[in-house]
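To start, the structure itself, in C-alpha cells.
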DNA sequence: GTCCTTTCCTGACAGC
DNA sequence: TGCTGTCAGGAAAGGA
C-alpha cells in the first residue's frame, strides 16, 4: 500500500529509468484505470508522441510531466510501474502499457484495479481537484506548526482519521498513521480537538521523524510493494506497531493490540498510548 | 462546511 | 477438497 515514502521511491526510480523518452503509443487493458479523459480513445490520442520531461510527486500522487500534458497517477493499494522489454510477456495484472521509443515499455500493474490515471493539460495540475485540496507535505519547510495545530483543534473526529485526511497533511496512510501515533504516545481513537499543546508539538515532531525516516529507507514493503526497479523498501524493519498484533511493545513490553478506528485496522500499545487519555 | 458511509476490486485466509 | 464469507484499504461521491 504505497504511501508518500513508497511513491517517492517509485518517482526517483522512474526518473532514472525513463526520463526524456518519448511515448510512442498506449494500450489500455482495463478502461476504469483511466479516470480522465473519460473517452479512452482521447487519452490514447493525446499521449501519443509526448515526451516524459520529468516526474514529480504531490502527496501520494505521481505527476508525469509530458510535453503538453501532465499525467496524474495514484497507485492506491497495489498499483505499480514496471519497465520491461517489449518481448517480455504481459502479466495477468497489467492494465496499461506505454510503448517507449527505445523499445521498452512502461507497464502499469494493479492487482485490485484501484489505481487511477488522469491526463490533463500542462499547468492545470495545481488546480486539479485531486491536487488542489491536498494539505502540506510532511516536511518542516511546508508543514507549519501553528497551522497544523489550528487544523487539528477544529477537527471533531479521531486523531487517526485526521492524520489520514489528505487535506490536513498530504501523504500519510494507514501504516504511518499508526507508527506516528505510537511514536507520539497518543491513542488513535483520541479526538483531535482534545489534544493539548505538549501533545500537538510531540505529534508534529513524530510526523516529521517517521515520514523522513521512511523516505530515507525507500518506503515499507508489507505485501507487494516494489519500486520501479522491482526493489522492496526497508522501513518494515523499523515498524513498531503496524502488523505487530500480539507481539511485545518495543518500548514497554505490553502486548500490541489491533482494533478498528476510522474504518481502518489500527495497531497500538495499550500502555504507551493509554486509554485514559480518551476521557480528557 | 464537515463528517460518515458506500463503492470500487481481487487475493488470502478462516471455517465448515 | 472445495465452497462461502470476511478482510485488507485510498479516494471520490453522495447523503446527513
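Numbering (our numbering), first residue to last: 375 to 654. For every residue, glycine included, the Cβ atom is placed at its ideal position computed from N, Cα and C.
The beta carbons of residue 546 and residue 580 sit no closer together than 8 Å. Exclusion of the five residues before and after residue 479 leaves 458, 460, 471 and 473 as the residues of its chain whose Cβ lies within less than 6 Å of its Cβ. In the assembly as shown, residue 426 is a buried residue. Its beta-carbon has 16 or more other beta-carbons within 10 Å.
The continuous beta strand (DSSP E) containing residue 472 extends over residues 468–474. In this structure, DSSP gives residue 610 a helical state, which the three-state scheme calls helix. Checking the DSSP bridge columns, you'll see residue 435 partnered with 432 and 448. Note on residue 509: 16 or more other CB atoms within 10 angstroms of its CB, so buried under the neighbour-count rule. The beta-carbon distance between residue 436 and residue 384, rounded to whole angstroms, is 7 Å. This is short enough to meet the 8 Å contact definition. Burial check for residue 570: the Cβ neighbour count within 10 Å stays below 16, so the residue is exposed.
Judged by beta-carbon spacing, residue 566 lies within the 8 Å limit of residue 533, meaning their Cβ atoms are closer than that value. Taking 4 residues as the minimum length, the alpha helix (DSSP H) runs contained wholly in the region 511–537 are 519–527, in order along the chain. Residue 633 has 640 as its beta-bridge partners, per DSSP. The Cβ atoms of residue 504 and residue 446 lie closer than 8 Å to each other.
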